[in-house]
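K.L.:
Mind having a look at this structure? Questions to follow.
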Amino acid sequence: MLGRFVTVDGGEGAGKTTQIAFMRAYLERRGCRVMATREPGGTPLGEEIRALLLGHRHGGMTLTAETLLMFAARAEHVEQVIRPALAAGCWVLCDRFTDATYAYQGGGRGLSLERIAVLEEWVQGTLRPDLTLLLDLPVPTGLTRAGKRGPADRFEREEVEFFERARAVYLKRASHDPGRCRIVDASRPIEIVRTEVETVLAEWLERD
Ligand code: TMP
């Protein structure tokens with residue numbers, strides 16, 4: 048069976064982690080080999096970079112450094128984890144990927160999307176997700192949910208407008224690339240979202 052590269056992205060509190068756990072169980076029940084991973088992170092170096100990016104020790108880091116750290120973690124992840132897993136026939140379920148860089152560093156912080164595209168090309172070559180589920184919900188709803196999880200990380204401390212700009216970029220990218228992206232209304236109850244996500248996966252399983 049062919050490996051598939053599936054990314055799950057969206058704003059804070061969208062329920063990505065919960066849905067990825069359901070997706071993993073669903074695909075395994077259907078006989079697929081599955082590897083679930085996340086960004087930034089997914090490798091030992093990537094997880095250390097994640098701690099630098101999300102922690103508060105380097106609160107004043109420049110946008111260039113932040114973006115390059117995202118892609119440094121991604122370079123490790125792509126070469127050491129994602130490509131080998133796909134080559135071995137696994138479904139790779141990745142909690143955030145490069146759409147998050149376009150949304151957060153591009154939309155949120157104002158980095159030019161062309162710069163991000165250069166790094167995407169350099170680090171990923173032709174690798175792009177086969178399928179991206181954009182778990183979309185109103186920013187205030189997501190921030191309230193995320194706030195219940197514990198202390199805010201360096202991104203969660205941003206103002207609402209930052210997340211509104213990020214959401215706008217996510218939605219624009221998804222609507223311009225309907226072959227890859229599915230927008231899922233994540234403001235609904237978890238079980239309803241789960242059913243929709245499993246329906247999308249079922250369509251993809253039929254393509255194999
Ligand atoms: P999360 O995956 O646990 O939601 O947290 C990761 C945070 O990192 C989240 O606030 C989004 C942010 N992020 C970026 O700003 N750019 C990226 O490229 C990625 C992968 C994540």
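Sequential numbering from 48 applies to the sequence shown in the numbering used here.
Don't be surprised by glycine CBs; every beta carbon is placed ideally from N, CA and C.
1. Assuming Gly88 and Ala120 form a contact by the criterion Cβ under 8 Å, report the distance between their Cβ atoms to the nearest whole angstrom.
2. Within the same chain, show all residues whose beta-carbon is closer than 6 Å to that of Arg100, passing over the 5 residues directly before and after it, in chain order.
3. With 16 as the cutoff for other CB atoms within 10 Å, does Asp56 come out buried or exposed?
4. Can you name the start and end residues of the alpha helix (DSSP H) that Leu101 belongs to?
5. For Phe202, is the beta carbon positioned less than 6 Å from some heavy atom of the ligand TMP?
6. Which residues share a DSSP beta bridge with Cys228?
7. In its own chain, which residues sit with a C-beta less than 7 Å from the C-beta of Arg241, not counting the 5 before and 5 after it?
8. Just to confirm, does Met117 get its C-beta within under 6 Å of one of the non-hydrogen atoms of the ligand TMP?
9. List, from N- to C-terminal side, the alpha helix (DSSP H) runs of 4 residues or more that fit wholly inside the region 71 to 154.
10. Less than 7 Å between the beta carbons of Leu181 and Ala221, yes or no?
11. Cβ of Glu86 within 6 Å of any heavy atom in the ligand TMP?
12. Answer with buried or exposed for Thr114, where buried requires no fewer than 16 other C-beta atoms within 10 angstroms of its C-beta.
13. If the criterion is Cβ atoms closer than 7 Å, does the pair Leu158 and Leu218 meet it?
P.N.:
So, to answer that:
1. 7 Å
2. Reading the sequence as shown, one finds Leu at residue 100 and not Arg. Correct list, in chain order: Pro87, Leu116.
3. buried
4. 91 to 101
5. yes
6. Thr179
7. Gln66, Phe69
8. yes
9. 91 to 101, 110 to 124, 130 to 134
10. yes
11. yes
12. buried
13. no
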